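Just so you know, we're using my numbering here: the sequence shown kicks off at 52 and counts up by one. All residues carry an ideal CB built from backbone N, CA and C; glycine is no exception. Small disclaimer: the values here were computed from a predicted structure and weren't measured. Inspection log for the structure reproduced underneath, given as structure tokens.
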Amino acid sequence: MLNFDTIIIGGGASGCMCGLSCSASNIAIIDNNNKIAKKLLITGNGRCNLTNLKMKSKFFNQDNSLYLDRYNVSSTLDFFASLGLMTFSDEENRVYPISNSAKSVVNVIENAINKSNINVFLEHCVEKIEKEGDNFIITTNKESFTCNNLVLATGKSELLDCLKIEYKNFMPSLCALKTNSTRGLSNIRLRDVKVEACVNGKSISDIGEVLFKDSGLSGIAIFNISSLFAREGKFDGKVTIDMLPKEDTESLIKMLQKRKTLNCLVRQFFDGMFVKEVAYEIFNRCKIDENKPSIRITDQEIENFAHTIKSLDFTVKGYYPNNQVFSGGIKLSDLDENLQHKQIKNLYFCGEICDIDGQCGGYNLQWAWTSGHIVGNALNSNIGGKK
Ligand SMILES: Cc1cc2nc3c(=O)[nH]c(=O)nc-3n(C[C@H](O)[C@H](O)[C@H](O)COP(=O)(O)OP(=O)(O)OC[C@H]3O[C@@H](n4cnc5c(N)ncnc54)[C@H](O)[C@@H]3O)c2cc1C
52 MLNFDTIIIG
62 GGASGCMCGL
72 SCSASNIAII
82 DNNNKIAKKL
92 LITGNGRCNL
102 TNLKMKSKFF
112 NQDNSLYLDR
122 YNVSSTLDFF
132 ASLGLMTFSD
142 EENRVYPISN
152 SAKSVVNVIE
162 NAINKSNINV
172 FLEHCVEKIE
182 KEGDNFIITT
192 NKESFTCNNL
202 VLATGKSELL
212 DCLKIEYKNF
222 MPSLCALKTN
232 STRGLSNIRL
242 RDVKVEACVN
252 GKSISDIGEV
262 LFKDSGLSGI
272 AIFNISSLFA
282 REGKFDGKVT
292 IDMLPKEDTE
302 SLIKMLQKRK
312 TLNCLVRQFF
322 DGMFVKEVAY
332 EIFNRCKIDE
342 NKPSIRITDQ
352 EIENFAHTIK
362 SLDFTVKGYY
372 PNNQVFSGGI
382 KLSDLDENLQ
392 HKQIKNLYFC
402 GEICDIDGQC
412 GGYNLQWAWT
422 SGHIVGNALN
432 SNIGGKK
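What follows is the structure, encoded as structure tokens:
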């Protein structure tokens, strides 16, 4: 049995930040991967969008400003700069490594961990956690460990059940949605559209890109609104797409009335405005004869067009398992200001295992850095460290 003052289970974003923020000499990270911070390699499409300059708690499922204020974006940027990582931000305030490669982020974290006195146990899958007196006993597929302070930085995990801790069910979030058939629109991409979802009388909206699948919707705007389904615990409801959000219905109707004088057939009516697939979706929904002359389109039909363009609706029937985060986890109300469990002393949580989930755009990784730092720093005072 190996003994440490502090053990961090999970060597991902938050676990590594926690370890690097803690100056304890007798500390270990246990991770089931073969490489530290491995998941970061797939973040941001391989570019790792590590934070966002526009960081506000309104971009998360609940108010986490108490924590964000203590370790904010500039602290994160200073931290990474101190590790030698150069970054830039794009027009949407998303921060990436200047190399545009997530490998750079993983490399600097790995270098820092190697230089620190953190003991790293890779390819160790934690199977059981028990509490014996003041100590935690951790059993992996290879070894047993004990410690006084335990940090859970695993993301979604069944390990919480070992400790009989209450938590909100984990649900996939930031994912593509399964819907009724969208086959006619398959592979079509709409940019700068407004999407809105309604579940249990609650609604959420976002403006951005939508990508149609065979029977579903993907794209960043869809990922962002999928969080409402996750937080409400059910993937059924409605999604509506406003394909021309800058146009109000009245001006759109006037514009469509004018197009009647294009003197074409109905099937050519949207040429120059929408791709054919979108135009046919509108014709199908409006049940209009595509072969009649545009001049014979009635006022009612123009209104139907406008309504369809402003609210192309789909029924949500589930999600695709490509989620970027899980919503749910340990409730913040069960944790103190240092993310220590209020009932189980010396048990800390950081990252996605906490009931905090944010939008796409660097928010989730900022939560990982913030929460990891807060726990690491709290451990310093707990064990008399000094960082
Ligand atoms: C495809 C994809 C793209 C993403 N892109 C972005 C992005 O660009 N920007 C952004 O902000 N967020 C992004 N995210 C979300 C972000 O990666 C997570 O929010 C963040 O990694 C959470 O950090 P964490 O430390 O809580 O968990 P993780 O980074 O998931 O780390 C948890 C670690 O614990 C280990 N572990 C779990 N269970 C055990 C066990 N039983 N025993 C031992 N080890 C265990 C895992 O192997 C893992 O290494 C993306 C996610 C995905 C999936």
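When you compare the CB positions of residue i and residue j, do they come within less than 8 angstroms of one another, or not?
i: ARG240; j: ASP265; result: no
i: PHE55; j: ALA88; result: no
i: ASP406; j: LYS105; result: no
i: ALA163; j: LEU71; result: yes
i: ARG98; j: GLY412; result: no
i: LEU210; j: VAL177; result: yes
i: THR191; j: ILE81; result: yes
i: ALA222; j: GLY423; result: At residue 222 the sequence reads Met, which differs from the Ala that was named. No, the pair does not count as a contact, with Cβ atoms beyond the cut-off.
i: GLU352; j: ILE333; result: no
Please report the distance separating the alpha-carbon of residue i from that of residue j.
i: SER232; j: ILE273; result: 16 angstroms
i: THR359; j: LEU268; result: 17 angstroms
i: LYS305; j: ASN84; result: 59 angstroms
i: THR138; j: CYS226; result: 27 angstroms
i: GLU298; j: ASN151; result: 36 angstroms
i: LYS438; j: PHE325; result: Residue placement at LYS438 is flagged as unreliable, the pLDDT there being 41, under the threshold of 50; the coordinate-derived value follows with that caveat. Distance between the alpha carbons of LYS438 and PHE325: 58 angstroms.
i: LYS193; j: ASN158; result: 27 angstroms
i: ASN186; j: TYR370; result: 40 angstroms
i: SER140; j: PRO148; result: 9 angstroms
i: THR197; j: ASN77; result: 12 angstroms
i: LEU214; j: HIS175; result: 19 angstroms
i: ASN372; j: THR312; result: The residue asked about is misnamed: residue 372 is Pro in this sequence, not Asn. Between PRO372 and THR312, the C-alpha separation is close to 47 angstroms.
i: SER384; j: GLY61; result: 23 angstroms
i: ASP212; j: LYS90; result: 24 angstroms
i: PHE286; j: MET52; result: 45 angstroms
i: GLY355; j: ASP114; result: According to the sequence shown, residue 355 is Asn rather than Gly. The straight-line gap from Cα to Cα measures roughly 41 angstroms.
Within the same chain, show all residues whose beta-carbon is closer than 8 angstroms to that of residue i, passing over the 5 residues directly before and after it, in chain order.
i: SER256; result: LYS245, VAL246, GLU247, ALA248, ILE276
i: ASN433; result: ASN200, ASN397
i: VAL329; result: LEU236, ILE239, LEU241, MET294, PHE321
Around the Cβ of residue i, are there at least 16 other Cβ atoms within 10 angstroms (buried) or fewer (exposed)?
i: LEU316; result: exposed
i: GLY308; result: Note that residue 308 corresponds to Gln in the displayed sequence, not to Gly. It is exposed - the Cβ of GLN308 has fewer than 16 other Cβ atoms within 10 Å.
i: GLY135; result: exposed
i: THR57; result: buried
i: LYS166; result: exposed
i: ASN51; result: Since the first and last residues shown for the chain are 52 and 438, residue 51 lies out of range.
i: LYS327; result: exposed
i: THR127; result: buried
Spatial neighbours of residue i within its chain, please: C-beta separation below 6 angstroms, excluding the five flanking residues on both sides.
i: ASN415; result: VAL376, GLY409
i: PHE110; result: GLY409, GLN410, TYR414
i: TYR399; result: VAL202, LEU390, GLN391, VAL426
i: LEU262; result: ARG240, SER269, GLY270
i: GLU283; result: VAL250, ASN251
So, under 8 angstroms CB-CB, residue i and residue j are touching, yes? Tell me the CB distance rounded to an integer number of Å.
i: ILE404; j: TYR122; result: Going by Cβ atoms, the distance from ILE404 to TYR122 rounds to 17 angstroms, so no, they are not a contact pair.
i: GLU260; j: ARG242; result: 5 angstroms
i: THR366; j: THR205; result: Between THR205 and THR366 the Cβ distance is about 35 angstroms, and since that is not below 8 angstroms, they are no contact.
i: ILE160; j: CYS67; result: 5 angstroms
i: SER116; j: SER108; result: 4 angstroms
i: SER362; j: THR421; result: Contact doesn't hold; Cβ gap of about 38 angstroms is too wide.
i: SER133; j: CYS401; result: That pair is no contact at about 20 angstroms.
i: ARG310; j: ASN342; result: At roughly 17 angstroms, the Cβ-Cβ gap does not stay under 8 angstroms, so ARG310 and ASN342 are not in contact.
i: GLN417; j: THR102; result: 4 angstroms
Return the chain-ordered list of same chain residues with a C-beta closer than 7 angstroms to the C-beta of residue i, the five sequence neighbours on each side being excluded.
i: LEU279; result: ALA248, VAL250, LYS253, ILE255
i: ALA442; result: As shown, the chain starts at 52 and ends at 438. That puts residue 442 outside it, with no answer to give.
i: GLY288; result: ALA248, CYS249, VAL250, PHE280, VAL367
i: SER224; result: SER277, SER278, ALA281, ASN374, VAL376, PHE377, SER378, ASP408
Consider the C-beta atom of residue i and the heavy atoms of ligand 2; say whether any pair is separated by less than 7 angstroms.
i: THR291; result: No copy of ligand 2 occurs in the structure displayed; its ligands are ligand 1 alone.
Using a Cβ-Cβ distance cut-off of 8 angstroms, determine whether residue i contacts chain C.
i: GLY206; result: No chain C is part of this structure, which consists of one protein chain only.
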